[in-house]
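Chains as they are written, first to last, in the numbering used here: chain A, 8 to 644; chain B, 275 to 733.
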């Protein structure tokens, strides 16, 4: 898109909005939809309309932690859950043999359908304008963002702007010796905006991610692989979903072998990762196959999952084989893999480098500290993954709209949602590599379950205007039923009897000697809600999800209460707010490192301050005293 | 403001005959009441009254200490919270025992300066005092840091770190099962495996705690014997140490032996000085109490201070004393350095081997500083004492270890009950965190780092 030398682009006033969202990937679509649904007049700009909700990497949504995020998005009134429920080709529940806290849904998506469905939803949404256009710079006056200017010269004005640029900022694709400026999958990269952000004073980092080659499924010999079917049970991400897709498509499992590894070893000198051609930091949790082989050279094989990219395509994603080796080497690698010996490669894998904003420059609302009214969300904040992007996009959109409508930001804390954990980690600790959510990042994992996302967040979603009244009523009814059923279990006694004995024997459980409350009986690990309920007189039909809640709440009550106690402690510290203009250099006694970090991060609460790395409990004690002293001074002075 | 309940010894150790364990917070009265046996329950007594009774170990039913307990209900207290003060007079041993029992009642050990901090935060003291509070926190923190630093080098932290590494392995193995359920190269953690691994950890914690329970060093002091020929300056040394430290806590004539025990605090090392002063100075000590008895005394010692008269040639008796020391850590004092040196320094050095030899003069008070340094360095370099874990003497560490034990017990129980592994994991993680507080390791990224360095993850 080079303009003629010396010709000045004429800019024109193209309209005024409440919120402008730059980008229409997984963060952008949530941001735009949320803002519009909250009543803000919203413009969504994207480099290409073909890129709306595009999945340039794996064709799947969900998984541990990530799947819970999708549920949270749904409970808050976001779109990802709805959209994947309409477009999956396979759905599975993971970790079913473990506890409820770590169970998670994962869907294989039909990529094209996913995009189409999302685009349609956006197009049908009131208050929301979707338009093609590359944003080159922002309109910033005295530290306040007033709008954006598009390459065509269109200047749009708004009260809030959300940047969701994904990997487009100075994106560079690398395949062996080949390097070129590009967004994902040969989309056009965004160059000027990155320089503009730097000129505005933002710290940027260079990150890297990658994707594997795709092959034509017609040329795959599946007989040499293991089938991985979806679950038969009706499963859905959204609490709204009533219809389930029947004809699911399986995935397939195969492995690399020593032959594959040998080819990689022999060509390491051509690997951009090891030759130094790639400077961006890649994620440890999603390493390229060459990294796996170098770092874990004692492993004789690595798992590869063959994942169909959709129903109307033969393209198959070779999950596990992410690589930036030269195309020639990629083809040799593929030929060594059982089932792929004769597979036709349709696209090579590639690495992509991009600029991201150092996320400690953000408030927990995702608004930048430097420029008021400017928000960033998604991969631009150093994360990776569609779900992480969508969760941030939703919060960025909500807060951009709230800002435009003159309301306080919505901030979820670490005990309310994985989204809260994600954002708090980013803005408090920053990240040195593309950030991915893991269940182990959450200290209250047992509270942040996928089954109770609605109980945690629907209320908030309704309050901010994203959950319609009708859905809210249904939610309240469910909540009421759960409480009622718990109460019933707490007061109802089960007496020893033949039928009780029979059940206990069939479950390998100890026999009942004395009458026992239903609740106590349910605490036995061998017994499920259904088991205990079968011993009780009929008391109306109880929906499955209500029984599930009662079972989880009763069975794990001890652990849940322990975590709730910890949460209470944490919340006390979150409630102690720190003034935004606090001058840490004036506080005697705070260690130098802590002072520096606190000045950079500018935490909004003592709780957040305590999580900043390099800040010790003694620094927090001094901070507390200082804050209290200030209050006193104001009161008396 | 609503805080948790805290407790600490509120009189500096060794200063004054009475030590006070102070509790503050919403559960202060109920916690103290569970340990108190008197004519009335503490929950029923009037505010700002004092009561005579006993502190009883609720598990063993044993009376630990006779006490006077003051009960002060909020808001007219120092912290503006409920405050209980347990006045103990039985010295180091029992006041620490009382504190430990209090900390078993879901009460947390106060951080340095925390009572004052609460007083301030609850508006009890005014602005002009705020600076002083800051200084207090700062000073105490520095001190705590120094202590932490010296303990960092100690065996305890090595042990705890090893234990944490084991726990980290378990945690990472469970996490990898959870976050990468399809990853096939990690051992699937079953409750049986978890139980086995958690049992090993509990044994370790028990072992560390068992030495702490004996309270060997902190409560009884490092048992130290001063030996030497008559008139070599043993009593003077004892008096000097006692005088120097100004830390006489108790002075109990031995009941079974004719010895006197003095408790002194030498640069943070508590010593129980077992003096042979009860034995008449004029007699040959070895002859008098018999070889067996001397051996017994010397062998039970954890530190021996052997005095040799530098002003005289070495005698056979001196040489026999050197032999009797055996492998017990010892410091050799070549005393009477104010007088001309007559003893063969070469022979003393040869007899002393690797043990430090110091020239001292009790009359001129020379060499005492060096002696204190030598004792402190012996103690902190772990050469002294019989048990490797004897340094779990810090009340905070003991409290944390107990909490860690209770957490790992919860894990074992969860595994026994067949709860899902990710529940058991919660308790194991808590154990790991608690042990981390002992060594001051609060870096939270370690688990995730372990995950990615150990397993080849990611599709």
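Every residue, glycine too, gets a C-beta built ideally from N, C-alpha and C.
Distance, residue j Cα to residue i Cα
{"i": "residue 217 (chain A)", "j": "residue 391 (chain A)", "result": "11 Å"}
{"i": "residue 320 (chain A)", "j": "residue 222 (chain A)", "result": "11 Å"}
{"i": "residue 462 (chain A)", "j": "residue 246 (chain A)", "result": "11 Å"}
{"i": "residue 621 (chain B)", "j": "residue 433 (chain B)", "result": "39 Å"}
{"i": "residue 774 (chain B)", "j": "residue 478 (chain B)", "result": "Look at the range of chain B in this structure, 275 to 733, and you will see that residue 774 (chain B) is not part of it."}
{"i": "residue 678 (chain B)", "j": "residue 475 (chain B)", "result": "10 Å"}
{"i": "residue 280 (chain A)", "j": "residue 399 (chain A)", "result": "29 Å"}
{"i": "residue 541 (chain A)", "j": "residue 337 (chain B)", "result": "52 Å"}
{"i": "residue 646 (chain A)", "j": "residue 115 (chain A)", "result": "Here chain A covers residues 8 to 644 and nothing more, so residue 646 (chain A) does not appear."}
{"i": "residue 231 (chain A)", "j": "residue 262 (chain A)", "result": "10 Å"}
{"i": "residue 79 (chain A)", "j": "residue 401 (chain A)", "result": "10 Å"}
{"i": "residue 616 (chain A)", "j": "residue 214 (chain A)", "result": "27 Å"}
{"i": "residue 478 (chain A)", "j": "residue 336 (chain A)", "result": "53 Å"}
{"i": "residue 596 (chain B)", "j": "residue 619 (chain B)", "result": "14 Å"}
{"i": "residue 269 (chain A)", "j": "residue 300 (chain A)", "result": "9 Å"}
Residue-chain proximity (residue i, chain A), Cβ-Cβ < 9 Å
{"i": "residue 389 (chain B)", "result": "no"}
{"i": "residue 443 (chain B)", "result": "no"}
{"i": "residue 692 (chain B)", "result": "yes"}
{"i": "residue 452 (chain B)", "result": "yes"}
{"i": "residue 713 (chain B)", "result": "no"}
{"i": "residue 456 (chain B)", "result": "yes"}
{"i": "residue 702 (chain B)", "result": "no"}
{"i": "residue 595 (chain B)", "result": "no"}
{"i": "residue 343 (chain B)", "result": "no"}
{"i": "residue 307 (chain B)", "result": "no"}
Buried or exposed by the 16-neighbour rule on C-beta atoms within 10 Å, applied to residue i
{"i": "residue 71 (chain A)", "result": "buried"}
{"i": "residue 90 (chain A)", "result": "buried"}
{"i": "residue 318 (chain A)", "result": "exposed"}
{"i": "residue 510 (chain A)", "result": "buried"}
{"i": "residue 370 (chain B)", "result": "buried"}
{"i": "residue 426 (chain B)", "result": "Its pLDDT being 38, under 50, residue 426 (chain B) is placed unreliably in this model, and the coordinates cannot settle the point."}
{"i": "residue 703 (chain B)", "result": "buried"}
{"i": "residue 484 (chain B)", "result": "exposed"}
{"i": "residue 446 (chain A)", "result": "buried"}
{"i": "residue 224 (chain A)", "result": "buried"}
{"i": "residue 298 (chain B)", "result": "buried"}
{"i": "residue 608 (chain B)", "result": "buried"}
9 Å Cβ cutoff met for residue i and residue j
{"i": "residue 283 (chain B)", "j": "residue 294 (chain B)", "result": "yes"}
{"i": "residue 472 (chain A)", "j": "residue 82 (chain A)", "result": "no"}
{"i": "residue 286 (chain A)", "j": "residue 369 (chain A)", "result": "no"}
{"i": "residue 292 (chain A)", "j": "residue 174 (chain A)", "result": "no"}
{"i": "residue 136 (chain A)", "j": "residue 49 (chain A)", "result": "yes"}
{"i": "residue 499 (chain A)", "j": "residue 530 (chain A)", "result": "no"}
{"i": "residue 314 (chain A)", "j": "residue 66 (chain A)", "result": "yes"}
{"i": "residue 452 (chain A)", "j": "residue 696 (chain B)", "result": "yes"}
{"i": "residue 34 (chain A)", "j": "residue 387 (chain A)", "result": "yes"}
{"i": "residue 241 (chain A)", "j": "residue 456 (chain A)", "result": "no"}
{"i": "residue 243 (chain A)", "j": "residue 98 (chain A)", "result": "yes"}
{"i": "residue 157 (chain A)", "j": "residue 113 (chain A)", "result": "no"}
{"i": "residue 169 (chain A)", "j": "residue 367 (chain A)", "result": "no"}
Residue i at chain B interface by Cβ criterion, 9 Å
{"i": "residue 102 (chain A)", "result": "yes"}
{"i": "residue 18 (chain A)", "result": "no"}
{"i": "residue 631 (chain A)", "result": "yes"}
{"i": "residue 447 (chain A)", "result": "yes"}
{"i": "residue 584 (chain A)", "result": "no"}
{"i": "residue 574 (chain A)", "result": "no"}
8 Å contact criterion, which residue i and residue j should meet: CB distance rounded
{"i": "residue 613 (chain A)", "j": "residue 576 (chain A)", "result": "Not confirmed; about 12 Å, so no contact."}
{"i": "residue 305 (chain B)", "j": "residue 380 (chain B)", "result": "7 Å"}
{"i": "residue 19 (chain A)", "j": "residue 160 (chain A)", "result": "6 Å"}
Distance cut-off 8 Å: residue i Cβ against heavy atoms of the ligand MN
{"i": "residue 321 (chain B)", "result": "As far as ligands go, the structure on display features none, and thus does not contain the ligand MN."}
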